[in-house]
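Okay, structure first, notes after.
In the working numbering, the protein residues as written are 1 to 1197.
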């Protein structure tokens, strides 16, 4: 039932998608088709484009399809810790390859959510709610790549950012060094307790982030905080906070152009004015300038030691629901900078997957003593709601001022109090939930409060938010929170984390500040944590008993001081205590220190001096025009078999098709994963893949294919090759089911480096997967209109190719001049050593070509005379496009070969215009045998004959009427016919119809099988009508004029699947014309089913048959021949066996071969096929010669 529902839903999705595409065309047909772009607002652009439009083209990150299998260093996360690691390792010498994996998306100023609805769409909420009446309620809402991540837990919720830049995209930018007394706490490693242990690293951070204070003139909440500090007796402790915000147009330390702050207060939602100095525009831009590969939408699941050394990072594509697990290999270093929540989660999963570490993982969580409170209904205006509307009193940065209350001896009682602002969406939320906030102070008489509200209403009804001060206080807590995994979800527990004495002191100060201006102090009942710390803390004594990390940040194994070399935590997860200050500066400094020490221990040096010039480098790289293309995701599932084991398998790839200069989508890059349990328990990571769309199959004629050529790497570091293809042959015509099956079935082969096949099978694209593919179809172009035209062009082109396959019999005909055989497709086969002109008894001259054995230091093992059929060249035995043709095969076996070009062959001088018949060919065979014997040095040695089709019929005629003596040859191999030419049913029907008389009346006596486009109208019309000729097999449908015309004269003469494209293109060189008199004799013999002379008298008489007594004869037919039926050789074998005995006459039927491809196709040279079987018959015939000939042959051998 479920598959039916899924299929129905998928069909519905496809219909909706198709309707959307149709509406797009109907709404703007001229804009899309002809390129009128005015409606899309992109024609009249000027140099004064805003930051949003400028940044939309910027992209530091690469498509996940471009990820390599391994890197020297891999950085997980891109906040302050991850950004530092990426930049410094990219600058290290000797040069390191660096990869950054970020769960969120890349956003530049102008691309952050603006309205509350956009904010909601970018919200991600996870966690387990554990309350008295709601036990273990798991919640997971929103997109994994959402910008705003909330982790709900017991007694608190953590707010973190998810995007390229991490929480630096959403923080308040306050750059405050931690109190040195905090770092001297016993919870810290001894190396960090030293005086000034972080000073130089703070300076490195300041050099990059360049903090500065805000010119606070006109900022109401700053002025209010200053007055409140004075009212509380703390004016001397009041000051400005250094901010990583730009207050003027300038370039960052990495060379990224930033704008002056608009003082709109939206720092915590993602700043669109381009003033925020995040890691995106500093450390990450610097890493990009130094060659780091950055990938977004990659959710790292866990880390494991790699059998090849280093570590394997397992991840999923966060933008895809239910995406298969993939991996990348870190050769030397892994830096965990995903934040205290993200890093701790990864380590917990890694521990569950066998990575050894301390039991302290997930403990020591701190809220940094953070308390959020509100001073409501003050007598002063604060204007705290973030807004882009300019006024005389802008909101200002989220944090501007600070009251330093760290003048007490007890560290736990030290506080920082800062003012804040409301993001617009948070302001609405605050108003809705204000009634639920805990009131800590209210000293005004109720009557005074009522009068104040009435007065405010008369003044215009301003919201009380304009008179609310937001307090963000930072202090100290117990750092005893936990973060664990429960049913694959995060379980956060921050109960009993507060230090009561510190809280009381804080509330006393806040109450004094609020009451001084007749306000009400409130605090949320649910704890909001914006500065989470800990989870994978430093070990105070360097062993796993007291923590999880060494002082350098490397992960301890759980065995004393032993650490996982190169696996380093560089973010706030390492901090073992609350800091009592904004953690930005300390996190960055600690990351600088850890990366510096890890690099130095590995013998690397970091270049701090070179300045990056991002803008100029970006301009250089962006001068290369964007190559338009289409990308999509394709998921196929099926079964792969390795040996005797089979298992379900799935291929998940992302394809990026680029449009070539001629406007075609022919080739693209692909990457992804292959789940193949019979080869590896972990997914195979695909890289350097090439996808070719509707490629002509060079190994099969009349076939198109979609080919997938990939390199796959196992988690053990083993390289494999994957070759897969979808095949669209002519058999899909007029059948939707066959067309669907062909375009959705992927034939897959996995091979090792030495080309040994390890696994093979088929994968299929389901209707549901097709719906998903269409939903992921994304055009890559410079603007919206170009993208829409590009997508339309791709879809129309794709559909047109499928329709050409569907209606393939009615596609334009292919004539001789349309085919140009490339010299590169002609193989270097041996040429005839000599060409002899021979004269038959009737005076007709023909040609005999001689091929010497390839082994020249020994005598020939024997001589073989090849006699082709009618209307062909001698090249059916010397096909220049085949890897191995008959001449190459038999001369390599030590035989001297001869090919007779008889009078019915196509030659340079003649092409079937003379009224010769098959009966006349017997005279040419006699002349050829005499010529061969005259060149044989051993007088007693007899040649062996290989005769085909009309040549075989002519040879039989000569033997029966006595023109050819049976004892003059060592034996004969006859293909498809001999003494009893029996036609296939279709040819038999044609023979009974007056087609020859009709043709003579319309076109004359000569019938060419190869014509040009400019031939006579009668021949053109006839060729067009031959499209309706009934095929015996759909796979042999063809639009070649040569194929169509030869089948009228003789029947379908080959199985197309045995021909390569080069073979098929060469047919017009091989095939010639025939006189209607020869066709008439063939028709008469076929109706009689016996060979005749040229008067129609049968030659198959008892007397004539006696002449064949003692002749060694090997007959073979081809099961797919549409000229002569296999009954032709069966009847001959039956008759001659009675005369010569079963030992002298043998017969075989070759499967999968047609009439001519048994000699022309390179498949005939395969082991056990035609050539080898004929060779065995020849060798047996030669071995049966008289004893003196045996001695000669053995001497040669």
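In this text, a Cβ means the ideal position worked out from N, Cα and C, and glycines have one as well.
When C-alpha distances from residue 1129 are compared across 956, 1070, 287 and 685, the shortest belongs to 956. Per the coordinates, the alpha-carbon of residue 676 lies some 12 Å from the alpha-carbon of residue 749. If you compare the alpha carbons of 925, 410 and 816 with that of residue 965, the shortest gap goes to 925. Counting the other CB atoms within 10 Å of its CB gives residue 559 a total below 16, which places it among the exposed residues. Counting the other Cβ atoms within 10 Å of the Cβ of residue 580 gives 16 or more, which makes it buried. It is roughly 37 Å from the alpha-carbon of residue 641 to the alpha-carbon of residue 143.
If only complete runs of 4 or more residues are kept, the region 654-721 shows no alpha helix (DSSP H) anywhere. Here the region 650-658 does not lie against the region 801-817, with fewer than 3 beta-carbon pairs under 8 Å apart. The beta carbons of residue 1027 and residue 731 sit no closer together than 8 Å. Under the three-state reduction of DSSP output, residue 79 falls in the coil class, being neither helix nor strand.
Assigned with DSSP and collapsed to three states, residue 965 falls in coil, not helix or strand. In terms of CA proximity to residue 948, 901 leads the group 813, 1060, 986 and 901. Nearest to residue 872 by C-alpha distance, out of 757, 160, 808 and 1008, is 1008. In the three-state scheme derived from DSSP, where H, G and I count as helix and E and B as strand, residue 1172 is classed as helix. When DSSP states are grouped into helix, strand and coil, residue 1066 belongs to the coil group. One alpha carbon belongs to residue 889, the other to residue 1080, and they sit about 36 Å apart. Taken through DSSP and simplified to helix, strand or coil, residue 540 comes out as coil. For the 8 Å CB-CB criterion, residue 365 and residue 535 form a contact.
Assigned with DSSP and collapsed to three states, residue 976 falls in coil, not helix or strand. Within the same chain, and ignoring the five residues on either side of residue 1059 in sequence, the residues whose Cβ sits closer than 7 Å to its Cβ are 701, 1157 and 1161. According to the DSSP assignment, residue 566 belongs to the beta strand (DSSP E) that extends over 563-569.
Setting aside the 5 residues that flank it on each side, residue 816 is surrounded in the same chain by 1010, 1012 and 1068, each with a C-beta closer than 6 Å to its C-beta; the list follows chain order.
The Cβ atoms of residue 101 and residue 76 lie closer than 8 Å to each other. Remark: three or more beta-carbon pairs, one from each stretch, lie closer than 8 Å, so the region 79-94 and the region 281-288 are flagged as touching.
Here the region 336-347 makes no contact with the region 463-475; the two share fewer than three CB pairs at distances below 8 Å.
Rounded to whole angstroms, the separation of the alpha carbons of residue 797 and residue 1055 is 30 Å. Counting C-beta atoms within 10 angstroms of its own C-beta, residue 117 has fewer than 16 neighbours from the protein chains shown and is therefore classed as exposed.
With the rule of 3 Cβ pairs closer than 8 Å, the region 556-573 counts as touching the region 341-356. Within the DSSP bridge table, the entry for residue 295 names 62 and 101 as partners.
Per the Cβ contact rule, the region 199-206 is not in contact with the region 247-261 (fewer than 3 Cβ pairs under 8 Å).
For residue 806, the three-state secondary structure derived from DSSP is helix. Residue 898 has 850 and 865 as its beta-bridge partners, per DSSP. Proximity to residue 170 across 178, 179 and 159 peaks at 159, based on C-alpha coordinates. Nearest C-alpha to residue 633 among 646, 669, 600 and 615: 669. For residue 638, the beta-bridge partners assigned by DSSP are 649 and 763. Looking at the DSSP output, residue 127 shares a beta bridge with 139 and 152.
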